[in-house]
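There are 2 protein chains.
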Amino acid sequence: MAGPDRKPTIIDVARLAGASIKTVSRVINKERYVSPDMQERIEKAVAELGYQPNMMARSLASERSNLIGHLYGDAGGPYTLEIQVGLLNRCRAHGYHLMIEEIDYRSDQVEKRASAIVNQMRLDGVVLTAPVTDNPIVLRILEDAGVPYVRVTPQQESETSPSVRIDERQAAYTLTQHLLALGHRRIGFIKGKANHTATILRYTGYCDALVDAGVAVDPVLVEQGEFTYASAVACARRLLDQPHRPTAIFASNDEMAAAVVAEAHNRGFSLPANLSVVGFDDTPLAEMMWPPLTTVRQPVREMAETAADILIGLLSQRGKVDWPKPVPHQVLAHTVLLRQSTARPPGKG
Amino acid sequence: MAGPDRKPTIIDVARLAGASIKTVSRVINKERYVSPDMQERIEKAVAELGYQPNMMARSLASERSNLIGHLYGDAGGPYTLEIQVGLLNRCRAHGYHLMIEEIDYRSDQVEKRASAIVNQMRLDGVVLTAPVTDNPIVLRILEDAGVPYVRVTPQQESETSPSVRIDERQAAYTLTQHLLALGHRRIGFIKGKANHTATILRYTGYCDALVDAGVAVDPVLVEQGEFTYASAVACARRLLDQPHRPTAIFASNDEMAAAVVAEAHNRGFSLPANLSVVGFDDTPLAEMMWPPLTTVRQPVREMAETAADILIGLLSQRGKVDWPKPVPHQVLAHTVLLRQSTARPPGKG
DNA sequence: GAGGAGGATGGCACCGTTGTCATCGCCGCC
DNA sequence: GGCGGCGATGACAACGGTGCCATCCTCCTC
Numbered sequence: 026m027a028g029p030d031r032k033p034t035i036i037d038v039a040r041l042a043g044a045s046i047k048t049v050s051r052v053i054n055k056e057r058y059v060s061p062d063m064q065e066r067i068e069k070a071v072a073e074l075g076y077q078p079n080m081m082a083r084s085l086a087s088e089r090s091n092l093i094g095h096l097y098g099d100a101g102g103p104y105t106l107e108i109q110v111g112l113l114n115r116c117r118a119h120g121y122h123l124m125i126e127e128i129d130y131r132s133d134q135v136e137k138r139a140s141a142i143v144n145q146m147r148l149d150g151v152v153l154t155a156p157v158t159d160n161p162i163v164l165r166i167l168e169d170a171g172v173p174y175v176r177v178t179p180q181q182e183s184e185t186s187p188s189v190r191i192d193e194r195q196a197a198y199t200l201t202q203h204l205l206a207l208g209h210r211r212i213g214f215i216k217g218k219a220n221h222t223a224t225i226l227r228y229t230g231y232c233d234a235l236v237d238a239g240v241a242v243d244p245v246l247v248e249q250g251e252f253t254y255a256s257a258v259a260c261a262r263r264l265l266d267q268p269h270r271p272t273a274i275f276a277s278n279d280e281m282a283a284a285v286v287a288e289a290h291n292r293g294f295s296l297p298a299n300l301s302v303v304g305f306d307d308t309p310l311a312e313m314m315w316p317p318l319t320t321v322r323q324p325v326r327e328m329a330e331t332a333a334d335i336l337i338g339l340l341s342q343r344g345k346v347d348w349p350k351p352v353p354h355q356v357l358a359h360t361v362l363l364r365q366s367t368a369r370p371p372g373k374g
Numbered sequence: 026m027a028g029p030d031r032k033p034t035i036i037d038v039a040r041l042a043g044a045s046i047k048t049v050s051r052v053i054n055k056e057r058y059v060s061p062d063m064q065e066r067i068e069k070a071v072a073e074l075g076y077q078p079n080m081m082a083r084s085l086a087s088e089r090s091n092l093i094g095h096l097y098g099d100a101g102g103p104y105t106l107e108i109q110v111g112l113l114n115r116c117r118a119h120g121y122h123l124m125i126e127e128i129d130y131r132s133d134q135v136e137k138r139a140s141a142i143v144n145q146m147r148l149d150g151v152v153l154t155a156p157v158t159d160n161p162i163v164l165r166i167l168e169d170a171g172v173p174y175v176r177v178t179p180q181q182e183s184e185t186s187p188s189v190r191i192d193e194r195q196a197a198y199t200l201t202q203h204l205l206a207l208g209h210r211r212i213g214f215i216k217g218k219a220n221h222t223a224t225i226l227r228y229t230g231y232c233d234a235l236v237d238a239g240v241a242v243d244p245v246l247v248e249q250g251e252f253t254y255a256s257a258v259a260c261a262r263r264l265l266d267q268p269h270r271p272t273a274i275f276a277s278n279d280e281m282a283a284a285v286v287a288e289a290h291n292r293g294f295s296l297p298a299n300l301s302v303v304g305f306d307d308t309p310l311a312e313m314m315w316p317p318l319t320t321v322r323q324p325v326r327e328m329a330e331t332a333a334d335i336l337i338g339l340l341s342q343r344g345k346v347d348w349p350k351p352v353p354h355q356v357l358a359h360t361v362l363l364r365q366s367t368a369r370p371p372g373k374g
């Protein structure tokens, strides 16, 4: 193969197939009004030359980049990755490409950076995950640029953009009920980072379940964590140091639950006999720690796929009105995973 | 602000600044030969209009896309994510954007897909991670397209592309030495997935350390795992079921180490008193499990950053020869993390 | 048989930049 | 004073496609 010295262009294809470039363009884009005969000739030429349309040129001419952006704030462990896998699945299926960008949402450069990303790359659409989902600057830039976006687990549902989430309050509620059903009454709680939606919703679910079961929420049993292992170690210590200590602890995420488990191990507790622990998120960790952690799984990948579907669905009907009103707000089902970190409280076996 | 109805272009800037578009282009690209006065006028105009150059047009005209691709095979947990974070760091710093693409390396579509990614998007450069690092089809496509690429932890170093890695054999060697130094002589080993480079290197390090210490490699103590938790559970069972069982187990990654720990807990072992366990990789898991795992950390993020640096370094001097020969092959330093999952063997305390 | 509808195709401007080359003015030097 | 050199600037043609509109042909209808 004395290959051509440069990549073939649509012109080469047209020449080889004996057609106009416009007609080749039609075939590439699967438009109507091409005779079967012509279609075949062009496809043959494309194959023969190994022609691949140049995305850049395409985007420039058509105002469609086939690019979807994923903007996120912290590279939050497995979560972010799952999101990307989900997005990638759909992008691939629909011929989109994924561009990922981290935004330091604390920086004063947010505006500049977000704007650069959105405007320079001419993204067709954007998926937002926490904590950028609710960043007013980012949202404004997207609105201004007229770029459709979908938010995963936003704090506030908005009328201008769709969202995907699970019912975190309900999940926490159910998980707490599980502990109550086992016979626990003194249930410690470690909150997540202050002001995060997740923190509030999970805590609310916990409180509601207690109250509905006729158990008072004892402030002594509630600690303020930060979603990190380190933060939860301190919380666990304080909780377990209490004279009348809890028989179960609900940590607002798995990482913090791991800290509780470690601290309990340190004290020579046998789990779950001496202490029940539950987490939230079902990170890979949950299954691999010992004892395996009772927790709640968010279908993160599926959420991302749903977000992508919504976005791509809209993009495919571009030219119509912006979003259908009301915009979709999907709530996906979570799963409570009962594993071996929970049992009846001591003395009630 | 009765904003303009469409995004400002370089023409608008030129008009406002009273310059030619070419001169504006010069300023945008920080080229030489622009008078300070002119420079200032243009910068002012840019700021006033909020002008952002259109990447698509830029790429089309210049044959440079400012896009770096990350091709990977499996969304392998924290590893992939760390890689991305590292790449992103550098991309951001140098004005590149990151496009991530998963390639199903088992599929018969590899060729089509890889080719589409590379050729359609006109990527400036590519970073490859396992197991795509050594996929001959992908490599050929990159070579053919003349797209520079850097491989992270390839099986074979090549003369045509740089690579970044750590010395895995040495790391495994050191880790094994640590166990030997503690007094262990019967050290079990759980291998990773067959044919993976990592599997071979880690195993070699283990064997070498034993032999150098005058301890024979006992095949009874070597199990074949697959880098997964599930696969290692079975291995751990077989190892611990032996009458003359090992006093320490070296699992080829943390996930498998977690399985060993869980199995040991199940049997009521007290760790590390009854059994020492070491892993490999220092995933987040390692620190959060109980007892915290002695393991080896690959500076994954740094490896990615190095890869990006190498790539970007080359791209910035485009027009010169391809790679400097010999191409760089960086070996970064690993860290052995001694935590609490290892201790002297029973009876030697 | 004229008129009209609609399928099939092509021509050409345009998308927003950069690359190449020409031009111009000014300075220093012989 | 003429000339070479270089800094500064602009004109114009790409880059590789798509959008819009014109054209041509065929077939159907009245």
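In order, the protein sequence lines correspond to chains A and B. Start counting the first sequence at 26; every next residue gets the next number (the working numbering). Start counting the second sequence at 26; every next residue gets the next number (the working numbering). Built from N, CA and C at the ideal position, the CB exists for glycine as well.
Pairing V151/B with I93/B gives a Cβ-Cβ distance under 8 Å. L123/A is bridged by DSSP to I93/A and I125/B. Not flagged as an interface residue toward chain B: A219/A, since no C-beta distance is shorter than 8 Å. For K55/B, no beta strand (DSSP E) segment is defined, and its DSSP state is neither H nor E.
Counting only Cβ-Cβ distances below 8 Å, K216/B has no contacts in chain A at all, with the closest Cβ about 19 Å away. Under the DSSP assignment, K216/B falls in the beta strand (DSSP E) whose first and last residues are I212 to K216.
Within the same chain, and ignoring the five residues on either side of R263/A in sequence, the residues whose Cβ sits closer than 8 Å to its Cβ are E248. Taking 8 Å as the cut-off, the Cβ atoms of L153/B and V177/B count as close. Using a Cβ distance threshold of 8 Å, M313/A and E126/B do not count as a contacting pair. Residue environment analysis places K137/B among the exposed positions, since fewer than 16 neighbouring C-beta atoms fall within 10 angstroms of its C-beta. With fewer than 16 other CB atoms across the displayed protein chains lying within 10 angstroms of its CB, N220/B is exposed.
Those residues of the stretch 108-127 of chain B placed with their C-beta closer than 8 Å to a C-beta in chain A are Q109, V110, L113, R117, H122, L123, M124, I125, E126 and E127, ordered along the chain. Burial check for N54/B: the Cβ neighbour count within 10 Å stays below 16, so the residue is exposed. In the DSSP annotation of this structure, the continuous segment of the beta strand (DSSP E) that includes H354/A starts and ends at H354 to L357. For G43/B, the closest of P268/B, R57/B and V71/B by C-alpha to C-alpha distance is V71/B.
The three-state secondary structure of T201/A, taken from DSSP, is helix. Secondary structure of Q249/A (DSSP, three-state): strand.
When rounded, the separation of the alpha-carbon atoms in P33/A and L74/A is 7 Å. In this structure, Y254/B sits near A284/B, with a CB-CB distance shorter than 8 Å. At a C-beta separation below 8 Å, E312/B has these neighbours in chain A: Y254. Close to N79/B, with beta-carbon spacing below 8 Å, are these residues of chain A in chain order: L85, Q145 and R147. DSSP places V258/B in the uninterrupted alpha helix (DSSP H) bounded by Y254 to D266. For L363/A, the closest C-alpha among the options G217/A, L200/A and V236/A is that of L200/A. In terms of CA proximity to A139/A, N160/A leads the group L123/A, N160/A, V242/A and L85/A. Taking a Cβ-Cβ cut-off of 8 Å, the neighbours of E280/A in chain B comprise P309 and M313, given in sequence order.
Taking C-beta atoms as the reference points, L106/A and C116/A fail to come closer than 8 Å.
CA-to-CA, the gap between L226/B and Y228/A works out to about 47 Å. Taking T308/A as the centre and dropping the five residues before and after it, the same chain places the C-beta of P103 and D279 closer than 6 Å to its C-beta, in chain order.
DSSP places V175/A within a strand segment (E or B) once states are collapsed to three. By the neighbour-count definition (other C-beta atoms within 10 Å, threshold 16), G250/A is a buried residue. Here H203/A is buried: its Cβ has 16 or more other Cβ atoms, across all protein chains shown, within 10 Å. Within the stretch 301-332 of chain B, the runs of alpha helix (DSSP H) that reach at least 4 residues and sit entirely inside it are, in chain order, 309-313. If you check the CB distance, A289/A and L265/A come in under 8 Å. Close to A72/A, with beta-carbon spacing below 9 Å, lies no residue of chain B; the smallest spacing is near 11 Å. A direct Cα-Cα distance of roughly 13 Å separates G208/B from G239/B.
Excluding sequence positions up to five before and after I35/A, its CB lies within less than 6 Å of the CB of I46 and V49, all in the same chain and listed in chain order.
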